[in-house]
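Numbering (the working numbering), first residue to last: 153 to 575.
Here's the structure, in structure tokens; my notes come after.
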Ligand code: SAH
Ligand code: SF4
Ligand code: F3S
């Protein structure tokens with residue numbers, strides 16, 4: 153049996169795609185999955201193109217193994233560079249773009265170049281995931297064309313999977329022991345099953361009916377499409393986690409316009425206020441992009457002001473990275489690297505203080521946690537998560553794994569980790 157190792161770079165969608173690759177190949181019964189590169193005959197590298205740094209990491213990884221192993225490059229970089237990767241690495245065995253992942257079983261035998269669109273959506277029957285927490289991609293692609301972003305170019309136009317298939321896949325996951333699912337889409341708010349006329353809140357109402365699934369999360373919500381119906385659904389359905397990941401990117405209306413985000417800082421703040429008003433103890437997290445072309449000190453201050461106003465639970469901050477082929481690549485990348493770094497660190501520092509404040513209020517509270525596994529660092533402890541996706545470490549026994557328990561928060565360990573006791 154040929155031995156396979158899969159290495160995943162990039163976002164949750166790539167994690168999910170890697171699961172599918174493993175699922176398809178496991179079904180063949182001809183391969184063994186190994187845990188290190190050295191044991192492997194075939195290495196599948198699932199890649200990301202979102203920033204230059206992500207590409208550089210994948211390129212150096214490919215370079216390390218391409219001469220000694222059968223290397224297959226899959227995912228967003230495969231779609232972005234296509235045959236150019238063969239020019240860079242003549243010994244590469246195969247290039248599999250995001251649309252061709254369903255054909256990995258054939259590609260792994262033949263090798264070659266497989267990129268470009270096809271209309272096949274994911275099928276629900278190849279899931280081999282047996283973990284308590286799983287990802288489930290409900291829609292592929294993106295139509296938003298934010299001016300900085302490569303995703304619409306490497307993942308194509310938006311396609312929603314049919315409700316019936318999502319339900320079927322989630323039932324399979326539940327049968328395999330899944331308790332918590334994270335639904336994935338670049339903009340879940342625009343999910344729509346054309347045949348059944350089902351929108352995202354209606355899909356959620358179908359999925360909460362599935363036995364065994366205790367918690368449902370989703371990401372990402374584009375602020376421009378976040379509806380009152382969705383906020384109300386999260387407020388009323390018990391299984392829906394009280395957490396919104398709502399990337400704001402910038403607090404400057406001028407920059408938001410250049411980014412093609414289609415909302416203003418005040419409409420964003422209004423939406424977050426509405427969420428907080430309707431859902432008690434909700435967590436709101438965000439993504440922020442600093443150093444976009446033309447972002448001046450005043451624009452940056454607007455972002456700082458927004459961060460202080462909204463008081464996010466957490467923020468992921470990125471330095472703008474030019475992506476060839478996007479609209480923003482036509483603009484002059486005029487914020488110096490050192491200034492981008494200063495802005496990034498400045499936001500991180502403010503955010504750290506806000507997160508610490510929010511965490512202090514958490515001390516002494518009793519919350520529901522889902523127990524995931526034994527902790528890596530301390531084998532006497534178990535790792536669990538709150539509905540708002542914060543980690544809580546507790547003592548106990550293996551029987552707790554997969555259960556939702558009430559714990560009292562007794563200790564703050566870091567910005568997103570706590571110690572707790574079962575009550
Ligand atoms: N669909 C999601 C985000 C996908 S990419 C959304 O709309 O929010 C994840 C994050 O990467 C983005 O939110 C953005 O902050 C960041 N990002 C995307 N393109 C980037 C680029 N060219 N340079 C730096 N960061 C980028
Ligand atoms: Fe990229 Fe914007 Fe689509 Fe998100 S919504 S994937 S940032 S184009
Ligand atoms: Fe995800 Fe990176 Fe592709 S963020 S969609 S793996 S470009």
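Ideal Cβ positions, reconstructed from N, Cα and C, are used throughout, including at glycine.
To the nearest angstrom, report how far apart residue 264 and residue 175 are at their CA atoms. For residue 264 and residue 175, the distance between alpha carbons rounds to 21 Å.
I think residue 439 touches residue 401, with their Cβ atoms under 8 Å apart; what is that distance to the nearest whole Å? Right, the Cβ-Cβ distance comes to about 6 Å (below 8 Å), so this counts as a contact.
Measure the CB-CB distance between residue 375 and residue 343 and report whether it falls below 8 Å. For residue 375 and residue 343, no; Cβs fall outside 8 Å.
Spatial neighbours of residue 389 within its chain, please: CB distance less than 6 Å, with the 5 preceding and 5 following residues excluded, ordered by chain position. Only residues of its own chain outside the window of five on either side were considered, and among them 360 have a CB closer than 6 Å to the CB of residue 389, listed in chain order.
Using CA atoms only, rank isn't needed, just tell me which of 567, 568, 535 is closest to residue 557. For residue 557, the nearest C-alpha among the options comes from 535.
Can you name the start and end residues of the beta strand (DSSP E) that residue 184 belongs to? Residue 184 -> beta strand (DSSP E) spans 183-185.
Please check the pair residue 570 and residue 529, which I expect to be a contact at CB under 8 Å, by giving their CB distance rounded to whole angstroms. With 8 Å as the limit, residue 570 and residue 529 do not qualify as a contact, their Cβ atoms being about 14 Å apart.
From this set, 170, 327, 351, 337, which residue's C-alpha is nearest residue 373's C-alpha? Looking at the Cα atoms, 337 is the closest of the given residues.
Span of the alpha helix (DSSP H) holding residue 290? For residue 290, there is no enclosing alpha helix (DSSP H), since its DSSP letter is neither H nor E.
Exposure label - residue 297; buried when at least 16 CB within 10 Å: Counting Cβ neighbours within 10 Å, residue 297 comes out exposed, since fewer than 16 surround it.
Residue 533 - partner residues in DSSP beta bridges: The partner list for residue 533 (beta bridge, DSSP) reads 547.
Suppose you measure from the CA of residue 227 to the CA of residue 474; what does that come to, to the nearest Å? Rounded to whole angstroms, the gap between the alpha carbons of residue 227 and residue 474 is 19 Å.
For residue 183, verify whether its CB is less than 7 Å away from any heavy atom of ligand 1. No, ligand 1 has no heavy atom inside 7 Å of this Cβ.
At a threshold of 7 Å, does residue 374 count as lining ligand 1 (C-beta to nearest heavy atom)? The closest heavy atom of ligand 1 lies less than 7 Å from the beta carbon of residue 374.
On a Cα-Cα basis, can you pick out the residue from 484, 291, 471 that is closest to residue 446? For residue 446, the closest alpha carbon among the candidates 484, 291, 471 is that of 484.
Mapping the DSSP letters down to three states, classify residue 468 as helix, strand or coil. The DSSP-derived three-state label of residue 468 is strand.
Sort 257, 358, 461 by Cα distance to residue 392 and report the nearest one. Checking every option, the nearest Cα to that of residue 392 belongs to 358.
Terminal residues of the continuous beta strand (DSSP E) containing residue 497? If you look at residue 497, you'll find it isn't in any beta strand (DSSP E); it sits in the alpha helix (DSSP H) that goes 489-514.
Is the beta carbon of residue 304 within less than 7 Å of some heavy atom of ligand 2? When distances are taken from the beta-carbon of residue 304 to the heavy atoms of ligand 2, the shortest one is below 7 Å.
Spatial neighbours of residue 166 within its chain, please: C-beta separation below 7 Å, excluding the five flanking residues on both sides. For residue 166, where only same-chain residues beyond five positions count, the Cβ hits under 7 Å are 160, 198, 200, 227.
Cβ of residue 223 within 8 Å of Cβ of residue 256? Contact flag unset, no.
Whole-Å CB distance - residue 241 paired with residue 218, under 8 Å assumed: In this structure, residue 241 and residue 218 form a Cβ contact; the two beta carbons are roughly 5 Å apart against a cut-off of 8 Å.
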